[in-house]
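Here's the structure, in structure tokens; my notes come after.
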Amino acid sequence: MSDFLFSEEPVTASIDAPLKDDKWHVLIIDDEQDIHQVTKLVLSDFRFSDKRLEFHHAYSAKEAIEFFESGQFSIAVALVDVVMETNHAGLELIKYIRESLGNAEIRLILRTGQPGEAPEEAVIRDYDINDYKNKTELTSVKLKTLLYSALRSYRDILTINKAKKGLERIIEASSSFLQCNSINEFASTILGHVTDIMGISDTEIYCVAAVNNDANPPQDFTLLAASGENRVATCNHIPEPVVKSIVSARAKHSSSCDEKTYVGYFHTQGGLETMLYVNKESHLQETDYHLLEFFANNIAMAYDNLRLRESIKESQKELSYILGEAVEKRSKETGSHVKRVAHYSQLLAQLCGLNAYRSEIIKLASPLHDVGKISIPDRILNKPDKLDPEEWAVMQTHAEMGYEILKNSQNEILRCGAIIAREHHEKWDGSGYPQGLAGKDINIVGRITALADVFDALGSDRCYKPAWPMEKVIELIKAEKGKHFDPNLVELFVANLDKFIAIRDCYPD
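Here the sequence shown stands for residues 2 to 510, where the numbers follow this note's numbering.
This is the structure in structure tokens:
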């Protein structure tokens, strides 16, 4: 964790800073009207943590239950009479609140004018209450003391629960980060979880996640994502105060905060600096700062892991292309063929319902479809005329050879490449090679690459033929539906032909 240290500057926000709701809600439950009036009178000028009291009233346990079930207010303290419609109505109400409602936060103070009906020791032992008072002993001072103690406990419980829920959300968010497959997805995940961790609505928060190379000037950074009411797409449109805060944190190499703003700074192991800017309309609490710093730590580590994964994936893709292109160049064909086949295969995979991850694997593996041609002699591989039966038999061995070259790898891309190499010359009707598989016995990756490969090969110049016109290519593919090619894939291909042509145009020979 030493690589993700934050500023040691103490947080100045007080834990008693007012929350968005500027009142403490107190429920008086008593069947005597005078008790309600006296309680309100005594506590009329009461303040705790810059918040006044708001009183609510119930004159029986039944009315109190109806009040709680309405869910209109979060009651901090309830002053409960023991004897109301029955001698133990208050005690039964206590059980209902704690057990049926599962409300552990509310502070329950039992008051009675008839202590004989509910002996103190037994009540304190058997019921989950926070205090027990005889009405005759509750002077003005003692009642206020009781409220101070109860509200302080309620406030601290809320703080603990908020921190607990925040940490649970951070753990959940960290799991989401590990499942991200791209920087864009990662950025969206950050924004989605910040508001959740803070426990506020999206309209209350403006968040910017930015990444910057530490060799660049402080004001030179790349915006990953932004949320809030004023959504932005580029750094040029970030409000000036936000830019200043981010630049300042980057220049000081430390996090900073004030009553409403948090700017997290963290330096990743990969040599990048990442800033997280959060601005809230209401005051940030001390727990908010702590949660955001924990969250920012996890962002830093997750971002480094994602960058590493992306780097590995890019390396794998590059090696796959290089190997595929080497084979194509040996057969005097353009390296753009493997790139087009890769993108065609990914698009077909997506169209037939494979998920994004599987489609990406097929894209990275399909350039290896002809890797077995490395074993084919040049005189056969580059023969400008039609192959004789003996030569054709040698050429067909490249499918099995490609499989043999790749099959023992533990890498998922190369294992997929092995299947593609072996099965991309199989045909839907069973007339293909090397195994004579038919229909869905041919792996979907082989069926996809077969169509992608033929589409590109027919439309490209080869040593043995010139490129076919597009109309003739499409005509043949339609004619081979259910014979050479998976019928469903042909239908998807024809229905989305413009997308395939767009890929072809992006990677010309």
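In this text, a Cβ means the ideal position worked out from N, Cα and C, and glycines have one as well.
Local conformation of residue i per DSSP, three classes
i: H58; result: strand
i: H1; result: Beyond the ends of the chain as shown, which are 2 and 510, falls residue 1; an answer cannot be given.
i: A131; result: In the sequence on display, residue 131 carries Asn and not Ala. If DSSP states are grouped into helix, strand and coil, N131 belongs with coil.
i: V84; result: coil
i: E287; result: helix
i: I443; result: coil
i: T450; result: helix
i: F68; result: helix
i: W393; result: helix
i: K96; result: helix
i: I76; result: strand
i: T40; result: helix
i: Y263; result: strand
i: T137; result: helix
i: I161; result: helix
i: K428; result: coil
i: H485; result: coil
i: L415; result: helix
i: F49; result: strand
i: I107; result: coil
Local Cβ density within 10 Å of residue i, reported as buried at 16 or more and exposed below that
i: G91; result: buried
i: V27; result: buried
i: R126; result: exposed
i: E33; result: exposed
i: Y149; result: exposed
i: I502; result: exposed
i: D82; result: buried
i: E315; result: exposed
i: T113; result: buried
i: Q286; result: buried
i: D389; result: exposed
Close Cβ partners of residue i (< 7 Å) along its chain, the five nearest in sequence each way excluded
i: H485; result: K428 and W429
i: A422; result: L369, H370, V372, G373, A400, G403, Y404 and L407
i: R359; result: A350
i: I449; result: S346, L349, A350, I363 and L490
i: E492; result: none
i: I352; result: Sequence check: residue 352 is Leu here, not Ile. If we look at L352 and ignore the five residues flanking it on each side, its Cβ neighbours are L493 and N497.
i: Q397; result: Y434 and P435
Rounded straight-line distance, which links the Cα of residue j to that of residue i
i: N231; j: V244; result: Only weak support exists for where N231 lies, its pLDDT of 46 falling under 50; the coordinates are left without a value.
i: F494; j: D487; result: 11 Å
i: S246; j: I161; result: 30 Å
i: T204; j: Y278; result: Bear in mind that the predicted position of T204 carries a pLDDT of just 47, short of 50, making it too unreliable to give a figure here.
i: K466; j: P385; result: 8 Å
i: N497; j: K281; result: 46 Å
i: K63; j: I30; result: 10 Å
i: L159; j: L292; result: 15 Å
i: V455; j: P378; result: 22 Å
i: A453; j: S337; result: 13 Å
i: D46; j: R53; result: 8 Å
i: F296; j: R341; result: 41 Å
i: Y263; j: P218; result: 22 Å
i: E70; j: T87; result: 21 Å
i: Y508; j: A343; result: 11 Å
i: K143; j: K261; result: 37 Å
i: S101; j: C258; result: 41 Å
i: S432; j: E274; result: 57 Å
i: K482; j: G440; result: 12 Å
i: S367; j: G72; result: 58 Å
i: S61; j: A357; result: 60 Å
i: V84; j: P242; result: 60 Å
i: Q115; j: L80; result: 15 Å
i: H37; j: H57; result: 9 Å
i: K253; j: E361; result: 40 Å
i: A394; j: G460; result: 25 Å
Residues near residue i in its chain [Cβ-Cβ closer than 8 Å; skip 5 each side]
i: N131; result: R108, L109, I110, A151 and S154
i: S141; result: V43
i: T235; result: The pLDDT assigned to T235 is 47, lower than 50, so where the model puts this residue is not dependable; a value taken from the coordinates is nonetheless given after this. Hits under 8 Å: L224.
Sequence-distant residues of the same chain with beta carbon closer than 6 Å to residue i, five excluded per side
i: E9; result: Because the pLDDT at E9 is just 29, under 50, the model does not fix this residue reliably, and the value given afterwards should be weighed accordingly. Correct list: empty, nothing qualifies.
i: E55; result: K24 and H26
i: E121; result: Y133
i: I98; result: N104
i: E424; result: I443, N444 and G447
i: K21; result: Reliability fails at K21, whose pLDDT of 47 lies under 50, so the model's placement of it is uncertain and the value that follows must be treated cautiously. Excluding positions up to five away in sequence, the list reads S283.
i: R156; result: none
i: T40; result: I29
Nearest-angstrom beta carbon gap, residue j and residue i [assumed within contact, 8 Å]
i: I76; j: Y128; result: Not quite, the Cβ-Cβ distance comes to about 17 Å (not below 8 Å), so this is no contact.
i: I420; j: N444; result: 5 Å
i: E294; j: S256; result: 7 Å
i: F49; j: A59; result: F49 to A59, Cβ: 22 Å. No contact.
i: I323; j: L365; result: Not quite, the Cβ-Cβ distance comes to about 12 Å (not below 8 Å), so this is no contact.
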